[in-house]
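Chains as they are written, first to last, in our numbering: chain A, 1 to 138; chain B, 1001 to 1138. Positions of the beta carbon are idealized from the N, C-alpha and C atoms, including for glycine. The structure displayed is predicted, hence computed values, not measured ones. First up is the structure itself, then whatever we jot down about it.
2 protein chains.
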Amino acid sequence: MVKDVKEILKNNSLSITGSREKILGLFLEQPGALAHGDIEKRAGEKFDRVTVYRTLQTFVEKGIIHTIPTADNSIRYALCKDDCKEGHHHDHHVHFVCTKCSITYCLDDVVTPELKLPKGYTSSHIEVVAEGICKNCK
Amino acid sequence: MVKDVKEILKNNSLSITGSREKILGLFLEQPGALAHGDIEKRAGEKFDRVTVYRTLQTFVEKGIIHTIPTADNSIRYALCKDDCKEGHHHDHHVHFVCTKCSITYCLDDVVTPELKLPKGYTSSHIEVVAEGICKNCK
DNA sequence: AAAGATTTTGCAACTATGTTGCTTTTTGTT
DNA sequence: AACAAAAAGCAACATAGTTGCAAAATCTTT
């Protein structure tokens, strides 16, 4: 079930380091998205804040994770599906934030709907975030 | 065209002060949304940062403005339509961020689409942010 | 397997952003 | 005009995020 962390790093031509293994491991072992703060907490204060920032940034650049904008304005990160390549994300799915447990889910099966924009507007990307109660909390 | 700032404040039972008049004026005199930083800059460094924060907070509570989550994770504020009441917002429209001029628009006529969520999920609020080129920049 | 080049980490310092408590000033009310 | 209530301003603090640089770890080459 759990994909090999080292494998993923190698495939993205990243050197295998302790922090990268641990941080990537955190993403693999749980369903929701993680905010920067979550990672620092769950990792047990092992590494520096700066390292977390830089690692997340690297993962985003490589297309391993993607960012999710949330209403409360904290950036969250979640694993990308395999069709994300370096510098080119394809996360055209809807995100769901549970107001009870505050877990953020990627609803990979729910595709972002088409929008009829007013004349003159052209959209290249549409972000949809739904808020409510998730299946575990109802 | 420009609504009376004092009128709006009175209608929301807010005392009329210099900062509130100026900040509300900024929102009325331009089409897009404003971030906290924009307000501090455009106001010409007249008042304290804290005042801006508290004024914006008051306006949000009263339903005069609403917040817009953006991809770059900076909160933006925009005027609410008249059907927003104290503590109860109705901003069920789509927001549009221009990648060129980075102005954020409220597309009041574009209603947030319905979503078919997976079983077990119930959404109370859906936020849609489209990114692209606006009518002035194309 | 060791040496050297390259990355990554961790530290310190700094900037930006946002919050809280308290005093002074302004506003609304009588 | 006088008083009570609310808002503004100030200082101090808290959190988030960035940058430069030296030390440590990783990768590569032999």
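Would you tell me roughly how many angstroms separate the C-alpha atoms of F1096(B) and S1123(B), rounded to the nearest one? Translated into the one-based positions of the second sequence, residue 1096(B) becomes position 96. Translated into the one-based positions of the second sequence, residue 1123(B) becomes position 123. A direct Cα-Cα distance of roughly 22 Å separates F1096(B) from S1123(B).
If you check the beta carbons only, do L1026(B) and L1009(B) fall under 8 Å apart? For the purposes of this step, residue 1026(B) is identified with residue 26 of the second sequence, where counting begins at 1. For the purposes of this step, residue 1009(B) is identified with residue 9 of the second sequence, where counting begins at 1. No; because the gap between Cβ atoms is not below 8 Å, this pair is not in contact.
**Prompt:** Which residue or residues does DSSP assign as beta-bridge partners of I1065(B)?
**Reply:** Start at 1 with the first residue of the second sequence, and residue 1065(B) comes out as number 65. Looking at the DSSP output, I1065(B) bridges to L1079(B).
| field | Close beta carbons around I65(A), own chain, < 8 Å, minus the five adjacent residues each side | value | Residue numbering aside, residue 65(A) sits at position 65 when the first sequence is read from its first letter. Contacts found: F27, L56, F59, Y77, A78, L79, C80.
- [ ] State whether the stretch 116-134 of chain A contacts the stretch 1114-1132 of chain B, with contact taken as three or more CB pairs (one from each stretch) at a distance under 8 Å.
- [x] Taking 8 Å as the limit for Cβ pairs, the verdict is that the stretch 1114-1132 of chain B does touch the stretch 116-134 of chain A.
Worksheet item: Can you find a C-beta in chain A that's less than 8 Å from the C-beta of Y1142(B)?
Response: Because chain B spans 1001 through 1138 in this model, residue 1142(B) falls outside it and cannot be assessed.
(message) Taking 8 Å as the threshold (C-beta atoms), are T104(A) and G151(A) in contact?
(response) Residue 151(A) lies beyond the range of chain A shown here (1 to 138); nothing can be said about it.
**Prompt:** In three-state DSSP terms, what is F1047(B)?
**Reply:** Locating residue 1047(B) in the second sequence gives position 47, counting from the first residue. Here F1047(B) sits in coil by DSSP.
Quick one, are the C-beta atoms of V1050(B) and L115(A) less than 8 Å apart? Counting from one through the second sequence, the residue named residue 1050(B) turns up at place 50. Counting from one through the first sequence, the residue named residue 115(A) turns up at place 115. Result no, Cβ atoms of V1050(B) and L115(A) do not sit closer than 8 Å.
**Report entry** Chain-ordered chain A contacts of S1013(B) [CB-CB under 7 Å]
**Finding:** Your numbering for residue 1013(B) matches position 13 in the second sequence. Those do not exist, as S1013(B) stays about 27 Å from chain A at its closest Cβ, beyond 7 Å.
Proximal chain B residues relative to K135(A), where beta-carbon distance stays under 8 Å: Within the first sequence, residue 135(A) is the residue found at index 135, counting from 1. Here the neighbours are P1118, K1119, G1120, Y1121.
Residues of the stretch 104-115 of chain A whose Cβ lies closer than 9 Å to any Cβ of chain B, in chain order
Residues passing the 9 Å Cβ filter: Y105, L107, D109, V110, T112, P113, E114, L115.
Coarse secondary structure for S165(A), derived from DSSP in three states:
Past the boundaries of the shown model lies residue 165(A); chain A is included only from 1 to 138, so the question cannot be answered.
* Where does the unbroken alpha helix (DSSP H) through H36(A) begin, and where does it stop? -> Here residue 36(A) refers to the residue found at position 36 when the first sequence is read from its first residue. That run of the alpha helix (DSSP H) goes 36-42.
Using a Cβ-Cβ distance under 8 Å, would I1039(B) count as near chain A? Indexing the second sequence from 1 puts residue 1039(B) at position 39. Interface with chain A (8 Å Cβ-Cβ cutoff): I1039(B) is excluded.
- Query: Count the other CB atoms within 10 Å of the CB of T70(A); is the residue buried (16 or more) or exposed (fewer)?
  - Reply: Sequence index remark: in the first sequence, residue 70(A) carries index 70 (1-based). Looking at its Cβ environment, which holds 16 or more other Cβ atoms inside 10 Å, T70(A) is buried.
Quiz item: From F1047(B) to K1022(B), what distance separates their C-alpha atoms?
Solution: The residue labelled residue 1047(B) in the question sits at position 47 within the second sequence. The residue labelled residue 1022(B) in the question sits at position 22 within the second sequence. Answer to the nearest angstrom: the Cα atoms are 10 Å apart.
Would you say S102(A) reaches chain B, if we count a Cβ-Cβ gap shorter than 8 Å as a contact? Counting from one through the first sequence, the residue named residue 102(A) turns up at place 102. The beta-carbon of S102(A) is placed no less than 8 Å from the nearest beta-carbon of chain B.
| task | Whole angstroms is fine: what's the gap from C1098(B)'s alpha carbon to G63(A)'s? | result | Here residue 1098(B) is taken as the residue at index 98 of the second sequence, counted from 1. Here residue 63(A) is taken as the residue at index 63 of the first sequence, counted from 1. Approximately 24 Å between the Cα atoms of the pair.
First through last residue of the alpha helix (DSSP H) which encompasses I8(A)
Along the first sequence, one-based indexing puts residue 8(A) at 8. It spans 5-11 - the alpha helix (DSSP H) in which I8(A) sits, taken as one unbroken run.
Quick one, are the C-beta atoms of A1035(B) and I1075(B) less than 8 Å apart?
Residue numbering aside, residue 1035(B) sits at position 35 when the second sequence is read from its first letter. Residue numbering aside, residue 1075(B) sits at position 75 when the second sequence is read from its first letter. Cβ atoms of A1035(B) and I1075(B): closer than 8 Å.
Quick check on the burial criterion: 16 or more other C-beta atoms within 10 angstroms. Buried or exposed for I39(A)? Counting from 1 along the first sequence, the entry for residue 39(A) is found at position 39. Flag for I39(A) reads buried.
- Query: How many angstroms separate the CA atom of K6(A) from the CA atom of V52(A)?
  - Reply: Against the first sequence, residue 6(A) aligns to sequence position 6. Against the first sequence, residue 52(A) aligns to sequence position 52. Approximately 18 Å, taken between the alpha carbons.
Whole-Å CB distance - V1110(B) paired with L117(A), under 8 Å assumed: As a position in the second sequence, residue 1110(B) is number 110, starting the count at 1. As a position in the first sequence, residue 117(A) is number 117, starting the count at 1. Rounded, the Cβ-Cβ distance is 6 Å, consistent with contact.
Worksheet item: Any beta-carbon of chain A closer than 8 Å to the one on M1001(B)?
Response: Locating residue 1001(B) in the second sequence gives position 1, where the first residue counts as 1. At M1001(B), the pLDDT of 47 sits below 50, so the modelled position is not reliable and the matter cannot be decided from this model.
Q) What does a CB cutoff of less than 6 Å around D1108(B) pick up in its chain, not counting 5 residues either side in sequence? A) Looking up residue 1108(B) in the second sequence gives position 108. Within the same chain, D1108(B) has close Cβ partners H1093.
**Item:** Simplified DSSP state of Y105(A), which is helix, strand or coil
**Value:** Locating residue 105(A) in the first sequence gives position 105, counting from the first residue. Here Y105(A) sits in strand by DSSP.
Quiz item: Buried or exposed: which applies to C101(A), given that a residue is buried once 16 or more other Cβ atoms fall within 10 Å of its Cβ?
Solution: Position 101 of the first sequence, counted from the first residue, corresponds to residue 101(A). Flag for C101(A) reads exposed.
Can you check whether the C-beta of H93(A) is within less than 8 Å of a C-beta belonging to chain B? The residue you call residue 93(A) lines up with position 93 of the first sequence. Taking Cβ atoms only, chain B never reaches closer than 8 Å to H93(A), which makes this a no.
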